[in-house]
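Everything below concerns the one structure shown next.
Protein chains: 2
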Amino acid sequence: MRKEFEIQGCIEVPPEVTEDEFWNTFIGFVESKGWSFGGGIREIQDGYYILADGSRGRRVLDE
Amino acid sequence: MRKEFEIQGCIEVPPEVTEDEFWNTFIGFVESKGWSFGGGIREIQDGYYILADGSRGRRVLDE
């Protein structure tokens, strides 16, 4: 039997935590348990998605 | 500035890991970093959501 837990939510971090740091810490945790993650993360600043080029995208709540 | 990372994905675990164990481990990790999580998790077995009463719900891919 294949078991997974779907996660939909947000983790709030201090402003100085970069996306790379967050990703490496999160994946490090998952792998330290022998688990695996499939999916993605998106950075949000003050309620707006941050695009790959660092610019501000749309508001999260406008989805 | 408020910074969050939105997570949308699945973590695959061994079949013996219960939802309570997963939740406690996941939240323990988040809190150990001084971060906080807002959102939810759903259990999936063999591609089907598992309902609160333990029965099998709809297929994940039918969403």
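Taken in order, these protein sequences are the chains called A and B.
Those letters in the first sequence? Residues 1 to 63, per full-length UniProt numbering, in order.
Those letters in the second sequence? Residues 1 to 63, per full-length UniProt numbering, in order.
For every residue, glycine included, the Cβ atom is placed at its ideal position computed from N, Cα and C.
Since we're looking at a predicted model, the values are computed, not measured.
With H, G and I counted as helix, E and B as strand and the rest as coil, what does DSSP make of residue i?
i             : result
residue 21(A) : helix
residue 16(B) : coil
residue 34(A) : coil
residue 9(A)  : strand
May I have the straight-line CA-CA distance separating residue i from residue j, to the nearest angstrom?
i             : j             : result
residue 54(B) : residue 12(B) : 18 Å
residue 15(B) : residue 1(A)  : 6 Å
residue 40(A) : residue 37(B) : 16 Å
residue 58(B) : residue 10(B) : 16 Å
residue 24(B) : residue 3(B)  : 23 Å
residue 48(B) : residue 56(B) : 6 Å
residue 46(A) : residue 18(A) : 15 Å
Can you name, in chain order, every residue of its own chain whose Cβ lies under 7 Å from the Cβ of residue i, other than the five neighbours on each side?
i             : result
residue 20(B) : none
Near residue i, what residues of its chain come up, given a Cβ to Cβ distance below 8 Å and the 5 sequence neighbours on each side ignored?
i             : result
residue 33(A) : none
residue 44(A) : 10, 50, 60
List, in chain order, every chain A residue whose beta-carbon is nearer than 9 Å to that of residue i.
i             : result
residue 11(B) : 4, 5, 6, 7, 30, 33, 35, 36, 37, 38, 39
residue 43(B) : 3, 4, 5, 6
Going by Cα to Cα distance, which pick from the options is closest to residue i?
i             : options             : result
residue 31(B) : 26(A), 31(A), 8(A)  : 26(A)
residue 7(B)  : 42(A), 22(A), 62(A) : 42(A)
Note down, in chain order, every chain B residue with its Cβ under 7 Å from the Cβ of residue i.
i             : result
residue 46(A) : 1, 2
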